[in-house]
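Counting from 103, one number per residue, gives the positions in the sequence shown under this note's numbering.
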Amino acid sequence: MQRVDCHCHTHHSDGSLSVADLLKLAKEKGLHGLSITDHDTLAAYQTAPTLAAELELELISGIEISAEYQKYSIHVLGFAFDLQHTALHEFCATLQLKRQQRNEAICQRLTECGLPLSFHELSIRFPEGSIGRPHIAKLLVEKGLIKSTRQAFERYLSNQGRCYIPGLEVGVEHAIDLIHQAGGLAVLAHPHLIRPLRIIPTLCEMPFDGIEAYYSHTTLAQAKPWLDLASKKNWIITGGSDFHSPQKNYIALGCAFTPPEYFTLLQKRFLQNNSALSTFSASVETCHF
Ligand code: AMP
Ligand code: ZN
Ligand code: FE
Ligand code: FE
């Protein structure tokens, strides 16, 4: 069985590995391919296609957009889009700027609350990419200002926390639309984690193309309702680990994967949208999804 992990992160968002090390690990684990889905950034794809080709790993474009529905955080995965798409790059650049402003505000508020943390320190500690609350929590722990990431979120960073600053305010439908504009397919990420449950039916009415039914530690019984939904809606089914770091060893790269028939479909679409990337693309038949 060819395993393809369509949900993992690098240090360009909140993962700990570089693109090269992530791809090396994928090879060591015997994966057939993968999609890197960093939060709100395409930075990994500056090097990923060349490095993946060298390792003979099949790679398709991916992103995980931090969207919101009624103030609840919803993650939208995008796959197989054009890696050069201007609007998508502009969107990522705007989000990075918003993240920076938000991080500055969080640092200021933490300092006022007796946890001295400067935005400068944060930028030095995490020089790469898409920085957010997980990085802030990590630095608070490293500085000995708080016991654990969990406590950092509970007391300060979550939307009930003392230092909460609202998110990036990207609507779910806006995220889906942008992925479509770039020629990609939009997939509802880790649906079993969505809370409150009552918003799920509304989300499922949105113009998604697929759902992430397979995820680390989900059982077949847990996947079943999402598989049934996908079949009803004629959606694609994806799967991935949501791997972030080898230190988090309970979430291993490749522990969940995308069914090969859906990966083939995504790969065809990826090659159509990125013809400059592959010398084989001319022979790929048209994808009619
Ligand atoms: P941000 O993109 O900066 O808003 O951070 C969102 C990320 O923070 C999510 O993707 C989670 O990884 C993490 N996160 C959110 N809430 C919690 C929580 N209560 N405990 C630990 N991590 C959390
Ligand atoms: Zn993440
Ligand atoms: Fe996510
Ligand atoms: Fe993720």
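Every residue gets a Cβ at the ideal spot worked out from N, C-alpha and C, and that includes glycine.
Since we're looking at a predicted model, the values are computed, not measured.
Which of helix, strand or coil does DSSP assign to residue i?
i, result
"THR381", "Low confidence applies to THR381: its pLDDT is 44, below 50, so where it sits in the model is not reliable, and the reading given next is rough at best. DSSP places THR381 in coil when its eight states are reduced to three."
"ILE281", "helix"
"GLU416", "This structure leaves residue 416 out entirely; the chain is present only between 103 and 391."
"HIS111", "coil"
"PHE255", "helix"
"HIS141", "strand"
"ALA122", "helix"
"PHE345", "strand"
"GLN262", "coil"
"PHE359", "coil"
"ARG297", "coil"
"GLN369", "helix"
"HIS222", "helix"
"GLU206", "helix"
"HIS237", "helix"
"GLN186", "coil"
Thinking just about the alpha-carbon of each residue, which of the options is nearest to the one in residue i?
i, options, result
"THR320", "GLY286, GLU166, LEU290, LEU295", "LEU295"
"ALA332", "SER318, ILE353, TYR364, GLY342", "TYR364"
"SER318", "ALA291, THR143, LEU242", "ALA291"
"THR196", "GLU271, ARG211, ILE339", "GLU271"
"ARG300", "GLN172, LEU159, LEU157", "GLN172"
"LYS350", "MET103, ILE138, CYS110", "CYS110"
"ARG105", "PHE372, PRO361, GLN198", "PRO361"
"GLY164", "HIS191, GLU156, TYR174", "HIS191"
"ARG252", "ASP116, ARG235, LYS326", "ARG235"
"LEU379", "MET103, LEU127, GLU160", "GLU160"
"VAL274", "ALA354, LYS249, ILE302", "ILE302"
"ASN336", "GLN262, SER347, ARG297, CYS306", "CYS306"
"GLY117", "GLN203, ALA155, ILE313, ALA354", "ALA354"
"ALA358", "SER115, HIS114, LEU133", "LEU133"
"LYS200", "MET103, ILE226, GLN186, GLY231", "GLY231"
"SER115", "ALA154, GLN202, LEU322, LEU153", "GLN202"
Using the DSSP secondary-structure output, state which residues sit across from residue i in a beta bridge.
i, result
"LEU287", "PHE181"
"SER175", "GLU170"
"ILE339", "ILE313"
"LEU136", "ASP107, LEU161"
"GLY246", "The partner list for GLY246 (beta bridge, DSSP) is empty, contrary to what the question assumes."
"GLY273", "GLU170"
For residue i, which residues of its own chain have a beta-carbon under 6 Å away from its beta-carbon, when the five flanking residues on both sides are left out?
i, result
"GLY285", "PHE183, ASP184, ASN375"
"HIS237", "PHE228"
"ALA277", "ILE167, ALA169, VAL178"
"PHE310", "ALA288, LEU290"
"TYR53", "In the structure as shown, the chain begins at 103 and stops at 391. Residue 53 is therefore absent and cannot be evaluated."
"CYS108", "SER137, THR340, GLY342, THR360"
Whose C-beta lies closer than 7 Å to the C-beta of residue i among residues of the same chain, with five residues either side of it excluded?
i, result
"CYS194", "ASP142, THR143, LEU144"
"THR112", "LEU119, SER120, VAL121, LEU124, ILE138, ASP140, ALA146"
"GLY269", "SER168, GLU170, SER175"
"ALA393", "Lying before the first or after the last residue shown, residue 393 is absent from the chain, which here runs from 103 to 391."
"LYS129", "LEU157, LEU159"
"MET409", "The shown model of the chain, from 103 to 391, leaves out residue 409, and the question about it has no answer."
"PHE221", "ASN205, GLU206, CYS209"
For residue i, collect the residues of the same chain with a Cβ closer than 8 Å to its Cβ; drop the 5 residues on either side in sequence, then sort them by chain order.
i, result
"THR149", "VAL121, ALA122"
"PRO218", "LEU212, LEU247"
"GLN324", "HIS294"
"LEU224", "ASN205, CYS209, ILE233, HIS237, ILE238, LEU241"
"LYS126", "LEU157"
"CYS215", "TYR258, ARG264, CYS265"
"LEU280", "ILE167, GLY180, ALA189, LEU190, PHE193"
"CYS389", "Because CYS389 sits at a pLDDT of 40, beneath the cut-off of 50, its placement in the model cannot be relied upon, and the following sentence gives the value as read from the coordinates. Around CYS389: LEU367, LYS370, ARG371, GLN374."
Let me have the residue list for ligand 4: C-beta closer than 7 Å to any non-hydrogen atom, ordered along the chain. By the rule of a C-beta closer than 7 Å to any heavy atom of ligand 4, the residues picked out are HIS109, HIS111, THR139, HIS141, GLU166, HIS177, ALA291, ASP344.
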